[in-house]
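Note that the sequence shown ends on residue 135 in this note's numbering; no numbers are left out.
Idealized CB from N, CA, C, for every residue including glycine.
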Amino acid sequence: MTHAIRMLGTGNAFLPHQRHHSFLIFDRKHIIDAPPTALLSLRRAGISPAEIETIFITHLHGDHVFGLPFLLLEKKYISDREGNAHLTIVGSSGVKARLKTLCNLAFPGSLDDALDNVTFIETDSGTIDGWNWE
């Protein structure tokens with residue numbers, strides 16, 4: 002299997018001119034982080050949020066996770082209304098509670114059902130589709 006990594010954003014937290022927040026997708030279905038510009042970056046790349054199977058959260062700074070509520074909301078109401086596209090979120094210990102709090106703050110109660118369909122894996126290392134992380 003040939004793997005592919007694509008940089009959808011290469012900017013920092015301050016969004017240098019013409020650059021979205023740092024954002025990577027590999028094999029067109031796994032993303033690293035969910036920055037505030039994630040939805041825009043995916044749309045510009047012609048990728049639907051419903052195609053995303055895994056989100057790896059590197060750390061919980063806003064420029065790495067504040068796009069998650071918008072990705073989930075878009076999936077719920079636009080690209081995956083039936084709820085058939087499964088999503089796994091991988092991060093270190095505590096990521097599930099923190100991201101649920103973030104989503105509830107952004108859209109109180111609106112994403113509870115979407116979050117119930119997310120598999121959270123709290124770990125610092127593993128393998129997925131032939132990719133190893135630690």
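Span of the alpha helix (DSSP H) around residue i
| i | result |
| --- | --- |
| Thr-102 | 96 to 107 |
| Leu-72 | 69 to 75 |
| His-65 | 63 to 66 |
Terminal residues of the beta strand (DSSP E) in which residue i lies
| i | result |
| --- | --- |
| Phe-57 | 55 to 57 |
| Arg-7 | 6 to 10 |
| Leu-112 | Looking at the DSSP string, Leu-112 is not in any beta strand (DSSP E), and its letter there is neither H nor E. |
| Asn-133 | 132 to 134 |
| Ile-33 | 31 to 33 |
Burial state of residue i (16 or more Cβ within 10 Å)
| i | result |
| --- | --- |
| Ile-90 | buried |
| Gly-110 | exposed |
| Thr-55 | buried |
| Leu-43 | buried |
| His-22 | buried |
| Asp-130 | exposed |
| Asp-117 | exposed |
Short Cβ contact (8 Å threshold) for residue i with residue j
| i | j | result |
| --- | --- | --- |
| Leu-72 | Cys-104 | no |
| Arg-99 | Leu-61 | yes |
| Glu-135 | Gly-92 | no |
| Phe-57 | Ile-33 | yes |
Legend entry - Contact between the stretch 103 to 122 and the stretch 8 to 15 (3+ Cβ pairs under 8 Å): no
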